[in-house]
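So the sequence shown is numbered by full-length UniProt numbering: it starts at 1 and just counts up by one.
Cβ coordinates follow ideal geometry from the N, Cα and C atoms, glycine included.
One structure below.
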Amino acid sequence: MLLNEHTALVTSQILLCPYSEHHVPTYHEWMKDKELQELTASEPLSLPEEYDMQRSWRQDSDKLTFIACLPPSSPAGSNSTITPKQDDAPSRMIGDINLFLVDDDDDEDESNTSVSKSTLGEIELMIAVKSQHRKGHGRASLLAFMHYILTNTSPILQEYSKGQAAHIRYLRVKISKDNVKSIALFESVGFVRTSAEANYFGELELRLQVQGREDIVLTDLEKVKGWNETPSIIEYREE
1 MLLNEHTALV TSQILLCPYS EHHVPTYHEW MKDKELQELT ASEPLSLPEE
51 YDMQRSWRQD SDKLTFIACL PPSSPAGSNS TITPKQDDAP SRMIGDINLF
101 LVDDDDDEDE SNTSVSKSTL GEIELMIAVK SQHRKGHGRA SLLAFMHYIL
151 TNTSPILQEY SKGQAAHIRY LRVKISKDNV KSIALFESVG FVRTSAEANY
201 FGELELRLQV QGREDIVLTD LEKVKGWNET PSIIEYREE
């Protein structure tokens, strides 16, 4: 998605940067890990394929992606600056977070172009660097990312639907039934399991209803454990 190509999100706990070409070698090394492949249901790619994937994620209107990095040393604020390739250098990269948009197959009015198009948003979160696990980075990434989605729903959907009126009916996440900590994280911010039983692939699906509740969801988000401040939106410009 082009919407966030010059946007970084900063809090005292996390830095989220648009997925850029200089991130690819590190991301490629992460995805050689068998455990990460299993957790993300991913197949290993060659380095050229990984570069192609990065360009796709940057340009495709149905994908919103940030690389999660350790927070900058200076406090986040309106006067903060982010230096690409320094603040998001390989040594500071720890994972990624994504939103994938799809048309709602259950939308009864999908053939009627005069009404708002129903859309679903699927979130994927990965903290790839094992030494950074259990430090609150996943929660910080999720809170900052969800705040960005909820406060930028209109431009996100405008790019996705190419100007057609649209709304997000719900956000969802699919998690391995064995990934207890990730399930607990999403439940703590309001996601609810759609079934007590895992699907054929051993995954549980959790959903957060959004349509008509955007303000409520945003207010509730700011009350959950781990919420410390509204993410600062900082310009991100690569030379």
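Backbone secondary structure at residue i - three-state DSSP
i, result
"D220", "helix"
"E159", "helix"
"K130", "helix"
"S12", "coil"
"E197", "coil"
"E110", "Reliability fails at E110, whose pLDDT of 48 lies under 50, so the model's placement of it is uncertain and the value that follows must be treated cautiously. Coil at E110, not helix or strand."
"G226", "coil"
"S154", "helix"
"E214", "helix"
"K117", "strand"
"E21", "helix"
"T81", "coil"
"E238", "coil"
Endpoints, alpha helix (DSSP H) assigned at residue i
i, result
"R55", "47-59"
"Y27", "24-30"
"M146", "137-151"
"T40", "34-40"
"I183", "180-188"
Contact check, residue i vs residue j, beta carbons under 7 Å
i, j, result
"G121", "L171", "yes"
"L208", "G190", "yes"
"P231", "H147", "yes"
"I234", "I82", "yes"
"L221", "Y160", "no"
"K177", "G202", "yes"
"S141", "A68", "yes"
"T219", "I168", "no"
"V10", "S61", "no"
"Y27", "W57", "no"
"L16", "A144", "yes"
"R193", "L185", "no"
"L150", "I123", "no"
Closest residue to residue i among the options (Cα-Cα distance)
i, options, result
"D103", "K117, H137, Q164, K174", "K117"
"F66", "S161, E49, D88, D52", "D88"
"D52", "K223, E21, L204", "E21"
"K225", "K85, A8, G138, C69", "G138"
"H23", "L36, V10, R55", "R55"
"residue 278", "W57, S91, S61, K63", "No answer is possible for residue 278: it lies beyond the span of the chain, which begins at 1 and ends at 239."
"Q132", "M93, I149, N98, P155", "M93"
"P48", "E29, T153, S188, K162", "E29"
"L36", "D215, K162, M1, K130", "K130"
"E238", "P84, D105, S46", "P84"
Counterpart residues of residue i in DSSP-defined beta bridges
i, result
"K63", "F100"
"I94", "In DSSP, I94 forms no bridge with anything."
"A68", "L16, G95"
"L3", "Bridge partners of L3: none, in fact."
"E122", "F100, R172"
Opening and closing residue of the beta strand (DSSP E) in which residue i lies
i, result
"A166", "166-176"
"S232", "232-235"
"L206", "203-209"
Min CB distance residue i to chain C below 7 Å
i, result
"P18", "No chain C is part of this structure, which consists of one protein chain only."
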